[in-house]
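So the structure is just underneath, and the comments pick up after that.
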Amino acid sequence: MKAFRISGIALGMVLLASCGQKKQTEEVQAQGQEAKPSVKLAQVVEEPVDQLQVYSATIVGEVLNNIAPAGAGRIKKINVEVGDNVRKGQILAEMDETNLINQEMQLKNLETEFNRIDQLYQVGGVSQSEWESMNLQLEVARKSYKTLKENTKLESPIDGVVTARNYDNGDLYGGQAILVVQKISPVKLTINVSEQYYSKVKKGDQVSIELDAYPGETFNGKVSLIYPTVESMTHTFPVEINVDNRSQKLRPGMFARATLNLGTENHVVVPDIAIVKMAGSGDRYVYVYEDGKVSYRKVELGQRLGDRYELISGVADGAQIVIAGQAGITDGKEVEVIK
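Going by numbering that gives the first Met the number 0, the sequence shown opens with residue 0, and the numbers climb by one from there.
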């Protein structure tokens with residue numbers, strides 16, 4: 000009887016231990032299921048994306064003229080100030096006239112002498128060679144006077160705006176331009192475009208221009224010149240953009256951003272919340288879901304399109320990517336998908 004009682008106690012202990020072990024196993028399994036991270040997915044597709052490239056440049060006048068005499072001399076008077084609008088042919092500065100007056104007197108004397116020689120030549124009083132020699136001297140004197148006059152009374156060669164003045168009245172001209180005149184209607188800017196786009200840029204292409212001076216305002220420009228060569232060091236080619244600037248709001252020296260549309264390409268577009276930055280580097284990646292697991296994919300970002308990013312590479316069309324729950328997953332991790 001006593002032996003039976005002991006065996007019953009032993010059997011009870013075995014059953015109790017078995018139940019405890021089963022419960023412990025179930026708890027471990029439950030814990031394993033709870034550790035499986037939950038993620039939210041989105042399917043991505045290719046779509047046409049305008050290939051917009053933004054370039055920085057500085058506004059310059061379409062034409063820039065340095066107003067200066069051909070030789071040394073004293074500046075008698077400067078007739079304009081920086082910011083003045085000037086017309087073509089307007090006298091902007093006057094140099095000392097002493098040489099011009101002397102040259103004018105010599106010219107008048109030569110004209111008088113030539114008239115006398117010409118009258119004698121008509122009646123046979125002098126030879127043809129003497130007449131030709133005097134006529135040549137007179138022509139040389141006239142050209143010298145004209146050149147000296149142009150370098151004494153300095154005219155504007157264009158309609159434009161005075162953008163620099165480097166001397167005062169009475170200064171001795173020392174080689175630097177007395178004035179700078181620029182044509183600012185239109186203006187232009189030059190950008191350097193990667194050689195991979197050489198066949199895509201066309202003369203007349205529309206360009207969007209933005210300036211820090213006018214936040215929120217956009218100006219329209221056109222490609223006016225494409226340089227025929229590519230710079231070997233940078234593998235870029237210069238492109239000139241023309242802006243009519245009838246309002247004259249754009250001024251030389253202003254910083255500008257030019258946006259050039261280089262056509263449309265089909266690329267995968269993903270929500271910006273799917274992009275994860277690699278710690279310690281500038282790499283970006285997304286998690287792609289497949290067969291119950293997620294895998295790490297490095298991506299090359301294109302343009303930001305509102306709350307989405309264009310991907311140049313890294314994710315295939317139609318792939319499912321993680322858009323929530325990235326903090327709890329790693330490469331190759333099994334996940335639970337939630338809706």
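Glycine residues also receive a C-beta, built at the ideal position from the N, C-alpha and C atoms.
Three-state secondary structure assigned by DSSP to residue i
i	result
I272	helix
V321	strand
V327	Note on residue identity: the sequence assigns Gly, not Val, to residue 327. DSSP places G327 in helix when its eight states are reduced to three.
L135	helix
Q50	strand
N98	helix
S128	helix
R256	strand
I116	helix
Q105	helix
T57	strand
G31	Any reading at G31 is ruled out, since the residue's pLDDT is 47, under 50, leaving its predicted position unreliable.
E335	strand
S246	coil
T233	coil
A67	coil
Whole-number beta carbon distance between residue j and residue i, since they are thought to touch under 8 Å
i	j	result
E299	H266	That pair is no contact at about 10 Å.
T57	A255	7 Å
A71	A176	Contact doesn't hold; Cβ gap of about 14 Å is too wide.
I320	V48	Not quite, the Cβ-Cβ distance comes to about 17 Å (not below 8 Å), so this is no contact.
R303	Y284	Their Cβ separation, rounded to whole angstroms, is 17 Å, which puts R303 and Y284 out of contact at 8 Å.
E239	K187	5 Å
Q250	I183	Contrary to the premise, residue 250 reads as Arg rather than Gln in this sequence. Contact holds; Cβ gap of about 7 Å.
A273	I225	Actually they are not in contact, since the Cβ atoms of A273 and I225 sit about 38 Å apart, beyond 8 Å.
V81	T162	7 Å
Close-in-space but distant-in-sequence residues of the same chain around residue i (CB under 6 Å, 5 per side omitted)
i	result
Q89	S155
K152	I90, E93
S207	T217, T258
S37	G324, E335, I337
Contacting residues, own chain, Cβ-Cβ under 8 Å from residue i (five flanking each side not counted)
i	result
G203	K221, V222
T263	P47, V48, D49, Q50
T233	N191
Same chain, Cβ closer than 7 Å to residue i, five either side skipped, listed in chain order
i	result
V27	Confidence at V27 is low in this model, with a pLDDT of 46, below 50, so its placement is unreliable and the value that follows should be read with caution. Cβ neighbours of V27 beyond the five flanking positions: none.
N165	Q175, A176, I177
S312	V298, E299
L135	none
Residue i beta carbon near the ligand HEM (any heavy atom closer than 7 Å)
i	result
K292	Annotation note on the ligand HEM: not contained in the displayed structure, which lists no ligands.
Review point. Does the region 204–219 come close enough to the region 117–128 to have 3 or more Cβ pairs within less than 8 Å?
Key: As far as the Cβ criterion goes, the region 204–219 does not touch the region 117–128, which means the pair count is below three.
**Study point:** Stretch pair the region 274–294 + the region 328–336: three plus CB contacts closer than 8 Å
**Key:** A contact exists between the region 274–294 and the region 328–336.
Exercise for review: Take every Cβ of the region 154–171, pair it with every Cβ of the region 94–114, and state whether three or more of those distances are shorter than 8 Å.
Suggested key: Cβ pair count under 8 Å is below three, so no.
**Study point:** Segments assigned beta strand (DSSP E), at least 3 residues, entirely inside the region 198–229
**Key:** With a minimum length of 3 residues, the continuous beta strand (DSSP E) runs that stay inside the region 198–229 are 205–210, 217–225.
Exercise for review: Return the chain-ordered ranges of every alpha helix (DSSP H) run that is complete within the region 148–200 and spans a minimum of 4 residues.
Suggested key: Complete alpha helix (DSSP H) runs here, min 4: none at all.
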